[in-house]
Every structure is written in structure tokens, then in C-alpha cells.
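Since the structure comes first, as C-alpha cells, the remarks are kept for the end.
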Amino acid sequence: MKSILEKVEEGNYATKTGKVSLGKVNKSFEDINRFFNEIDILIKSEFNKTEFLAKSFTNASHKTESITFISEEHVVASEEVLVTLHEKRFYIQKLMLDTDW
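Heads up: take any position in the sequence shown, counting from 1, add 1445, and you land on our numbering.
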């Protein structure tokens, strides 16, 4: 049978071993927490980049719409000029016929 002193020493050893094990577990949880914080920072960074890209695409889309509108205005103006040129040509040809050129 073990003496009380031996049992106390075994208890002390078990306590020390338990503290070491708990320290390792605690360190592991701290590492996990740190990794999650780093992942959170990286996710926020990627979100910000994605948000910036989305704003850039929206801006590009607005500019494209503007260019499209301007182009449509130019087409209309060009068509009006073309109609005017045809009218002028018609009147010039008529004038030439009327004056026997």
C-alpha cells in the first residue's frame, strides 16, 4: 500500500502534467483564434477589393452608357447632315437642269 506522501507526490505530478496539457490546449486555442483573426482580415481585404472592382465596373458601365448615348446623338446628327446633303444635291441638280449646264 502506498503511503500518503507517495499519493500526494502522484497528485502533484498529475496536477503538473494536467497544467502542462492545459497550457498546450490553451496555446492551441490561442493559435486557432489568431488564425481566425488573420482569416477575417484577409476576407475583409478581399471583400474591399471585390467592392472596389464592383464600383469600377459600375463606373465603366455608366461611361459606356454615356458613350452609347453620345454615339447615338452623332448618328442622328450624321443622318440629318446626310439628308441635308441629299436635299442640296437635289436642288443643285435641279438648278443645273433649269439653267442648262
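We put the beta carbon where it would ideally sit given N, CA and C, even for glycine.
| Item | Value |
| --- | --- |
| Length of the line joining the Cα atoms of GLU1451 and LYS1461 | 15 Å |
| Boundaries (first-last residue) of the alpha helix (DSSP H) holding THR1495 | 1449-1543 |
| Same chain, Cβ closer than 8 Å to ILE1515, five either side skipped, listed in chain order | none |
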